[in-house]
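In the working numbering, the protein residues as written are 711 to 1050. Notes to accompany the following structure.
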Ligand code: SAM
Ligand code: DTB
Ligand code: SF4
């Protein structure tokens, strides 16, 4: 063999020392490393910045389900996809508060509220603001994902006490148009700028397993890592294939490739919370354990994501117990983000 695997690894280190920017080529070189070299490096990075056995627990709630005008190819909530997800009314603040209280009792420290909107109307935003205030008053961290924000909306959420806003870049820029046609990735970047400018922590990641190439996964990670600053929280979702969506029936991703994506996110965004997000329901526990080793330190906790299933809380507690993992204190994660 002309090129020894450790030479390949050295080259990735050396390149990066010369220029801290993560080009697609550099992230692609990480993806190409032998698996053991990659996850060793990711785990070493993880250990340098975090307690390697602490996992942050967030619970999701869909506060406005279905009927979305957008055409995201992966999403069961798009009105034009016939998935059995109905267009429901927005939840009342009391119902949201009850769900947050239950999540807190189960051990979640962050409560994430999602809405199937292209973006919030002012009247709807006002009810979300009341939800944020109510959840915050429980002593939980708050996160919302409401679609695109217009000028001034992020500032209103910040004033209400919103800690994080989730808005994903979802996939590589060159693949985005194949997955979504009703908006561009530049629209996403505009909202991310609004969120940043309002002083809300950014939660931004993507989905893998949508038929993208490895190079495209590298391009997504590079794009996230080159946001300045990179996001405080980076959800890596494995596509949940829902019947009736255009992406249902896509070839499923090699689970080791999912672990590699987590590892690359950890290496390129060393101080971010890397969130092992959608797709855990279908993911073998051994693969989840490898994800934790490769630097994932946050999960969605509770038996439902927005409309699809997630492992039962009890099951996750048992898995964490078997791995010697424990929940991360809520304030610790925000402090971590603020100290960066
Ligand atoms: N409508 C808002 C938006 O698109 O930003 C907020 C809610 S949307 C459901 C939040 C994120 O969920 C999407 O950006 C996407 O990354 C993720 N998501 C949706 N459907 C998914 C699926 N089937 N599998 C994995 N992730 C999915
Ligand atoms: C994120 O990146 N993943 C979560 C959260 N942010 C909002 C959503 C996953 C949704 C999976 C499909 C569903 O349950 O509808
Ligand atoms: Fe709507 Fe968000 Fe689903 Fe896209 S991902 S269809 S914007 S709910």
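Here a beta-carbon is modelled for each residue, glycine too, at the ideal position from N, C-alpha and C.
Rounded distance between the beta-carbons of residue j and residue i, thought under 8 Å
i: residue 780; j: residue 788; result: 6 Å
i: residue 882; j: residue 929; result: 4 Å
i: residue 1016; j: residue 933; result: Wrong, their Cβ atoms sit about 24 Å apart, outside the cutoff.
i: residue 820; j: residue 850; result: 6 Å
i: residue 1008; j: residue 765; result: 7 Å
i: residue 856; j: residue 907; result: Not confirmed; about 17 Å, so no contact.
i: residue 893; j: residue 848; result: Between residue 848 and residue 893 the Cβ distance is about 33 Å, and since that is not below 8 Å, they are no contact.
i: residue 904; j: residue 864; result: 4 Å
i: residue 767; j: residue 1037; result: 5 Å
Contact check, residue i vs residue j, beta carbons under 8 Å
i: residue 945; j: residue 876; result: yes
i: residue 796; j: residue 817; result: no
i: residue 935; j: residue 979; result: yes
i: residue 1006; j: residue 985; result: yes
i: residue 912; j: residue 974; result: no
i: residue 758; j: residue 1004; result: no
i: residue 949; j: residue 989; result: yes
i: residue 987; j: residue 874; result: no
i: residue 1018; j: residue 786; result: yes
i: residue 805; j: residue 769; result: no
i: residue 920; j: residue 957; result: yes
i: residue 890; j: residue 793; result: no
i: residue 971; j: residue 783; result: no
Close Cβ partners of residue i (< 7 Å) along its chain, the five nearest in sequence each way excluded
i: residue 754; result: none
i: residue 1023; result: 816, 1011, 1012, 1013
i: residue 909; result: 868
i: residue 732; result: 932, 935, 936, 978
i: residue 841; result: 773, 803, 806, 823
i: residue 760; result: 1007
i: residue 740; result: 722, 748, 974, 977
i: residue 866; result: 835, 839
Residue from the options whose Cα sits closest to the Cα of residue i
i: residue 994; options: 870, 1020, 928, 884; result: 1020
i: residue 1002; options: 1025, 976, 1016; result: 976
i: residue 773; options: 748, 767, 827; result: 827
i: residue 801; options: 968, 823, 735; result: 823
i: residue 967; options: 998, 959, 981; result: 998
i: residue 915; options: 937, 760, 1035; result: 937
i: residue 923; options: 959, 905, 836, 884; result: 884
i: residue 1000; options: 1030, 833, 969; result: 969
i: residue 803; options: 834, 965, 862; result: 834
i: residue 947; options: 917, 862, 964, 941; result: 917
i: residue 965; options: 1029, 745, 1040; result: 745
i: residue 902; options: 941, 866, 756; result: 941
Beta-carbon proximity list for residue i, same chain, < 8 Å, skipping 5 on both sides
i: residue 843; result: 870, 871
i: residue 724; result: With a pLDDT of 47 at residue 724, under the threshold of 50, the modelled position of that residue is not reliable, and the figure given next carries that caveat. There are no such residues.
i: residue 991; result: 950, 1018, 1019, 1020, 1021
i: residue 900; result: 858
i: residue 845; result: 806, 807, 810, 821, 823, 852
i: residue 790; result: 781
i: residue 959; result: 951
i: residue 861; result: 904
Residues near residue i by beta carbon distance below 6 Å, same chain, minus five either side
i: residue 809; result: 771
i: residue 886; result: 895
i: residue 1035; result: 763, 765
i: residue 711; result: Residue confidence is low: residue 711 scores 31 on pLDDT, short of 50, so the model does not pin down where it sits. No coordinate-derived value is stated.
i: residue 738; result: 925, 928
i: residue 734; result: 928, 929, 932
i: residue 830; result: 856
One or two residues paired with residue i in a DSSP bridge
i: residue 1036; result: 764
i: residue 940; result: Paired residue(s): none; residue 940 is not in a bridge.
i: residue 769; result: 821
i: residue 986; result: 946, 1009
i: residue 876; result: 913
i: residue 774; result: 825
i: residue 852; result: 821
i: residue 1019; result: 1014
i: residue 795; result: BP columns for residue 795 are empty, so no partner.
i: residue 844; result: Paired residues: none, contrary to the question.
i: residue 918; result: 948
i: residue 788; result: 778
Near the ligand PLP: residue i beta-carbon under 7 Å from a heavy atom
i: residue 794; result: The model on display carries the ligand SAM, the ligand DTB and the ligand SF4 but not the ligand PLP.
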